[in-house]
Structure formats: C-alpha cells, structure tokens
Amino acid sequence: MTDAIPSPARPVSGLHLIWLVAGFSVWASGFILLYGLHALGCRWGWEEAAFLGGISVNRAVLIGVYLAHIAAGAALWLPLHAAAKRWPGEGGVFLKSASVLLTVAAVVSTIWIGAPVLFLAACAG
Amino acid sequence: MSTLEPAGPAAREIALVWWVMLIGSGVVLALVCGLFLYAFKNRTGLAGVPERVWLIGGGLAFPIVVLIALLAWALPSGQSMLPRDDGAFRVEAEAFQWGWRFGYPEGGETLTVLHIPAGEPVDVAITTADVIHAFWVPQLAGKIDAIPGQTNVLRLFAEEPGLYRGQCAEFCGIGHAGMDFAVQAHEADDYEAALARVLEEAGQ
Numbered sequence: 120m121t122d123a124i125p126s127p128a129r130p131v132s133g134l135h136l137i138w139l140v141a142g143f144s145v146w147a148s149g150f151i152l153l154y155g156l157h158a159l160g161c162r163w164g165w166e167e168a169a170f171l172g173g174i175s176v177n178r179a180v181l182i183g184v185y186l187a188h189i190a191a192g193a194a195l196w197l198p199l200h201a202a203a204k205r206w207p208g209e210g211g212v213f214l215k216s217a218s219v220l221l222t223v224a225a226v227v228s229t230i231w232i233g234a235p236v237l238f239l240a241a242c243a244g
Numbered sequence: 003m004s005t006l007e008p009a010g011p012a013a014r015e016i017a018l019v020w021w022v023m024l025i026g027s028g029v030v031l032a033l034v035c036g037l038f039l040y041a042f043k044n045r046t047g048l049a050g051v052p053e054r055v056w057l058i059g060g061g062l063a064f065p066i067v068v069l070i071a072l073l074a075w076a077l078p079s080g081q082s083m084l085p086r087d088d089g090a091f092r093v094e095a096e097a098f099q100w101g102w103r104f105g106y107p108e109g110g111e112t113l114t115v116l117h118i119p120a121g122e123p124v125d126v127a128i129t130t131a132d133v134i135h136a137f138w139v140p141q142l143a144g145k146i147d148a149i150p151g152q153t154n155v156l157r158l159f160a161e162e163p164g165l166y167r168g169q170c171a172e173f174c175g176i177g178h179a180g181m182d183f184a185v186q187a188h189e190a191d192d193y194e195a196a197l198a199r200v201l202e203e204a205g206q
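Chains as they are written, first to last, in our numbering: chain A, 120 to 244; chain B, 3 to 206.
The structure is reproduced here in structure tokens:
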C-alpha cells in the first residue's frame, strides 16, 4: 500500500499544460478561418450566391464557422474538468484555475471577435 | 492634403474619429499622470483603495468599456463609407510603378489627375499593373490597397469642386515617395464638358 501516502514531489505532467492553450487554439482557428474564408468568399462570389432564407452562402459559411468554434470552445469544459481531477498538488490547483480562466477568456473572445459576421456587410464593391 | 481638412462625408467621419481618439487619449493620459503625481505627493492618500479596484476596474473594466464604445461607433461609421449598389458614377484607377492611370465610363484616360463630378458619390475601381500600391486622397475618403489581379472599390465624395491631392500609401519601390496624384472635382453640370476638354488636350 505504498500509494496510500500522497507523494508531494509528483509534478503535473508537461502534457497537461496543453489545457492552458486549448481554448485559445480554438480561438486562433476560428480567427484564421473567419479571416481567410471572408476574403475568399468575397473573391469567389459566395456573397452573390443565395443560401436558405435570403442570406448569402458567404454569410452562411461564416456563421457556421463562428458557431462551430463557440461550440468547440464551450465543449472543452467537460474534458477539462475530467482531466483536472487527476492533477495533483498545488501545481494541479493552479493549473486548473489557470486553464479554466484561459478557456473562459478564449470562448468570450471567440464570441466577441466573430460577432460581426452576424450583421456587418461582408463584401464591398 | 490633410486628413484634418475633410472635404466629404467619409473623410469628415474619419477626422471625427481621429479627434475623439486624440481628445479621449489625452484625457486618459491626464488622469493617469494626475494619479501618478498625487501618489508621489501623498504616499498614503490612495492606500485605502483596494488593489482590486485598480486591477479590475482600471485594468479591465475601464479599457473594455472604452473599446466597446469606440467599436460600437466605428463599425456603423465604417459601414456607411462602403460603396453601395446605387448606380453611382464609376471610374477606374490603375496604379503602376510609379504613377496612376484613370479611365472613364465614356472612354478615354488621364494620367496623374482623376476628374470627378462634385456633390455626388463616385466609386473608384482600383487595381494595379504590377506591385501593391494604395489609393489615398485624405480629404475625400479613407485609403484602399491596389492589389494585382483584384479590383477594390473606394467611394469618394467631394462636396465642393476643387483640387484634392492624393498619395500612394503603400511602399511600392524606389519611386514610391514621388507617386502622388490629384482628384479634380468639377461642378456636376460642367463635368462632362470639362472632362471632354481635358481628354481633347491630351489628344484623345
């Protein structure tokens, strides 16, 4: 029964640090895809192509990418909590709160930076 | 050629954003410097304010509120400058190393000076023959890039007839600094005759 005594020296694994950047990786993916697809959509004439309900294919694609990234960011919640339960010691407590704060900040930021796809004109000229 | 002497609605809007940001940042700077000086003079005067107020109030809430307010204003303001499908008069601009060629709907082209009617919106369809340049007439509108293989449209509006200077606003090689041009806005009634005279003088 040697593992009945908690080992204070057991560190959080370096691999767990990925939770610090997971939220903002989703944010970065959303940013790059919205930025790139916006430009390509305008260039490829997606703005003139009608989608359901009178919105353009361009806007439908951008809104789809936007919502998918919000959902992906929010979906990190469950695996993050499940993983954090196994993080030991003081380092684990710190890593958990830092990961949760960064993930929340990333989701809020994803909602904020992409919101203009809902109402701004996409292409000009 | 100053952005602070706007001669059309879009340029006026841009100048206003500039002034509001200048005055706003001046007020914030004065506030921060004032607090700083106060803290020097009176070491304990602000000791009662919890750190939370400085960090969350001053560091997070204050900039978020200021930036949201600026954004809520700037987004519709930027939208209002976009060219719309309203049948506006349309001319073409082609940049090259190092100069500008302007084309007109009835045919003909001018070098260096773009002739437009005053008092109405004019869309300029901008492209380039070689590298990236940028079209900028500070008194009439914002600036837009001229990109190879791509046409970008910028809406100009000159409220009064006059000569408005422009400048290539994207470094494009050794002749960039000298790549200036001008927009000559004519009385709308006289525009076609004026353009015809210019083209005739150019032997077209």
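Don't be surprised by glycine CBs; every beta carbon is placed ideally from N, CA and C.
Counting other Cβ atoms within 10 Å of its Cβ, A201 of chain A stays below 16 and is therefore classed as exposed. Taking 8 Å as the cut-off, the beta carbon of T114 of chain B is found closer than this to the beta carbon of G101 of chain B. Contact annotation: in the segment 85 to 118 of chain B, residues whose CB is within less than 7 Å of a CB in chain A are P85.
In this structure, DSSP gives V139 of chain B a state outside helix and strand, which the three-state scheme calls coil.
Taking each of B:Y106, B:A127 and B:P123 in turn and checking the Cα distance to H117 of chain B, the smallest one comes out for B:Y106. DSSP places V29 of chain B inside the alpha helix (DSSP H), whose first and last residues are P11 to K43.
Under DSSP, the beta-bridge partners assigned to N154 of chain B are B:I128. The beta carbon of C35 of chain B lies closer than 7 Å to none in the same chain, with the five residues before and after it left out. Residue environment: F159 of chain B is assigned as buried (16 or more neighbouring CB atoms within 10 Å of its CB, all protein chains considered). Considering only beta carbons, the part of the segment 218 to 244 of chain A lying closer than 8 Å to chain B consists of P235, L239, A240, A243 and G244, in chain order. Cβ-Cβ separation between L199 of chain A and V212 of chain A: approximately 14 Å, too far for a contact (criterion under 8 Å).
Boundaries of the alpha helix (DSSP H) harbouring G208 of chain A: G208 to G233, taken from the DSSP string. Annotated as proximal: L153 of chain A and L181 of chain A, with beta-carbon spacing under 8 Å.
Taking a Cβ-Cβ cut-off of 8 Å, the neighbours of L77 of chain B in chain A comprise P235 and L239, given in sequence order. Leaving aside the five residues that flank E189 of chain B on each side, the residues in its chain whose CB is nearer than 7 Å to its CB run, in chain order, A120 and P163.
Counting only the Cα atoms, P8 of chain B lies some 5 Å from R14 of chain B. Sequence-ordered contacts of the segment 53 to 80 of chain B with chain A read L77 [C-beta pairs closer than 8 Å].
Taking C-beta atoms as the reference points, V93 of chain B and L142 of chain B fail to come closer than 8 Å. For V133 of chain B, there is no enclosing beta strand (DSSP E), as DSSP marks it with neither H nor E.
Taken through DSSP and simplified to helix, strand or coil, E189 of chain B comes out as coil. Residue contact check for V155 of chain B against chain A: a CB pair falls below 8 Å. Within a 10 Å sphere around the beta-carbon of V30 of chain B sit fewer than 16 other beta-carbons, which makes this residue exposed. A95 of chain B: member of the beta strand (DSSP E) spanning F91 to F98, first to last residue. For S79 of chain B against V22 of chain B, the beta-carbon gap comes to about 11 Å, at or over 8 Å, which does not count as contact.
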